[in-house]
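A.B. asks: Just passing along the structure, written as structure tokens.
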Amino acid sequence: MNIVILLGAPGSGKGTVAGFLAAGDGSLKHVSSGDLLRGAVAQGTDAGREAKAYMESGRLVPDALIATMIKDVVAATTGDETMLLDGFPRNLAQAKILDGMGAPLKKAVLIDVPDSIIQDRIAGRRTCPQCKAGYHVKNLPPKREGVCDKCGAQLVVRKDDNPETVADRLKIYHAETEPLIEYYRSRGLLATVDGTTGVENVAVAFKSAIA
Ligand code: AP5
143 MNIVILLGAP GSGKGTVAGF LAAGDGSLKH VSSGDLLRGA VAQGTDAGRE
193 AKAYMESGRL VPDALIATMI KDVVAATTGD ETMLLDGFPR NLAQAKILDG
243 MGAPLKKAVL IDVPDSIIQD RIAGRRTCPQ CKAGYHVKNL PPKREGVCDK
293 CGAQLVVRKD DNPETVADRL KIYHAETEPL IEYYRSRGLL ATVDGTTGVE
343 NVAVAFKSAI A
């Protein structure tokens, strides 16, 4: 097993690209820290109850809380799989926790999208609460409005996708997550793809960056 980290602002397309690639290649496993946390909130676990208020206000949950979840997934992943790790690490402390897990890092890929595009991306986002598929009302619409193509569930708008919370999430991204770009560049692990070119083009560029 090895790990490819997805870096990028909220709404840059990390989940979309990872989901698209994992659907077409059984050796790729998409692991989203946000989906793990939303799952814990929905199930009402202790971790979910602790995470809820942080997530709804756009703040990062405590490092130890999310690191425990990621450690469990890393421990359960074996063989020839490549884990597409989406949303973790989010700051330098988490990057060092990941280093300490001992799983080999293959690449950190930055999906580069300017802030000016992010609000529109997130305003149009619809997600499936059941199978986690992601859509956009204009860029990636479902076949039937409001209904997931894959499992037929009713699509929802995430609670943290309102413009004020998105602005806060972007500030946190620039202050806490962006330093990871230099962290991985200095170790020769960074690749950057242009995230503004449409889902399929981004997926092709991403795939060649990790080949
Ligand atoms: P998380 O779920 O990780 O949210 P995020 O990083 O803010 O990222 P998003 O899911 O918003 O965006 P994305 O890049 O996946 O974009 P998407 O593919 O959906 O985290 C949520 C919260 O959980 C955090 O705020 C925090 O509280 C907590 N959390 C999570 N991880 C944590 C951690 N490690 N530590 C602490 N707290 C943590 O795309 C967006 C939209 O654009 C979609 O509608 C899509 O259809 C569209 N789109 C995508 N790509 C394209 C394209 N190429 N062209 C046109 N449209 C596109």
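Note that the numbering used here gives residue 352 to position 210 of the sequence shown, counting from 1, and the numbers run on in steps of one. Backbone N, C-alpha and C define an ideal beta-carbon position, used for all residues, glycine too. These numbers were taken from a predicted model, which means no experiment stands behind them.
(1) Whole angstroms are fine: how far does the CA of residue 222 sit from the CA of residue 295?
(2) Cutting at 8 Å between CB atoms, please list the residues of its own chain near residue 203, excluding the five before and the five after it.
(3) Would you tell me roughly how many angstroms separate the C-alpha atoms of residue 172 and residue 244, rounded to the nearest one?
(4) For residue 167, name the three-state secondary structure that DSSP assigns.
(5) Evaluate residue 343 with the Cβ neighbour count: other Cβ atoms within 10 Å of its Cβ, from every protein chain shown; 16 or more gives buried, anything less gives exposed.
(6) Where does residue 143 fall in DSSP's three states?
(7) For a test of your reading of the model: does the CB of residue 230 fall under 8 Å from any non-hydrogen atom of the ligand AP5? Yes or no.
(8) Alpha carbon to alpha carbon, how far is residue 277 from residue 143? Give it in angstroms, no decimals.
(9) Buried or exposed: residue 169, going by 16 or more other Cβ atoms within 10 Å of its Cβ?
(10) Comparing C-alpha positions only, which one of 337, 352 and 347 sits nearest to residue 155?
(11) What span of residues does the beta strand (DSSP E) with residue 228 cover, start to end?
(12) Threshold first: 4 residues or longer. Then list the alpha helix (DSSP H) segments lying entirely within the region 259-328, N to C.
(13) At which residues does the beta strand (DSSP E) containing residue 334 begin and terminate?
(14) Would you list, in sequence order, the uninterrupted beta strand (DSSP E) runs of no fewer than 3 residues that lie entirely inside the region 182-228?
(15) Give me the Cα-Cα distance between residue 239 and residue 333, rounded to the nearest whole angstrom.
(16) Shorter than 8 Å, the distance from the beta carbon of residue 154 to the closest heavy atom of the ligand AP5, or not?
(17) How would you call residue 246, buried or exposed, if buried means at least 16 neighbouring beta carbons within 10 angstroms?
(18) From the DSSP secondary-structure annotation, give me the bridge partner or partners of residue 159.
(19) What does residue 254 pair with, by DSSP beta-bridge criteria?
C.D. replies: The relevant details are as follows:
(1) Approximately 32 Å, taken between the alpha carbons.
(2) Excluding five sequence positions before and after residue 203, the CB atoms of its chain that fall closer than 8 Å to its own CB belong to 179, 192, 193, 196 and 197, given in chain order.
(3) A direct Cα-to-Cα measurement between residue 172 and residue 244 gives close to 19 Å.
(4) Of the three classes helix, strand and coil, the one that applies to residue 167 here is coil, per DSSP.
(5) Exposed is the call here.
(6) Residue 143 falls in the coil class under three-state DSSP.
(7) True, at least one ligand heavy atom lies under 8 Å from that Cβ.
(8) Rounded to whole angstroms, residue 143 to residue 277 spans 29 Å at the Cα level.
(9) Residue 169 is exposed by the Cβ-count criterion.
(10) Of the listed residues, the one whose Cα sits closest to residue 155 is 337.
(11) In this chain, the beta strand (DSSP E) harbouring residue 228 covers 224-228.
(12) DSSP runs (the alpha helix (DSSP H)) wholly in the region 259-328: 305-314 and 321-327.
(13) Its beta strand (DSSP E) spans residues 332-336.
(14) Unbroken beta strand (DSSP E) runs of no fewer than 3 residues, entirely contained in the region 182-228, are found at 224-228, following chain order.
(15) CA-CA distance, residue 239 to residue 333, rounds to 21 Å.
(16) In this structure, residue 154 has its CB closer than 8 Å to one or more heavy atoms of the ligand AP5.
(17) By the Cβ-count criterion, residue 246 is exposed, with fewer than 16 other Cβ atoms from all chains shown falling within 10 Å of its own Cβ.
(18) None; residue 159 has no bridge partner.
(19) When DSSP reads this structure, residue 254 sits in a beta bridge with 336.
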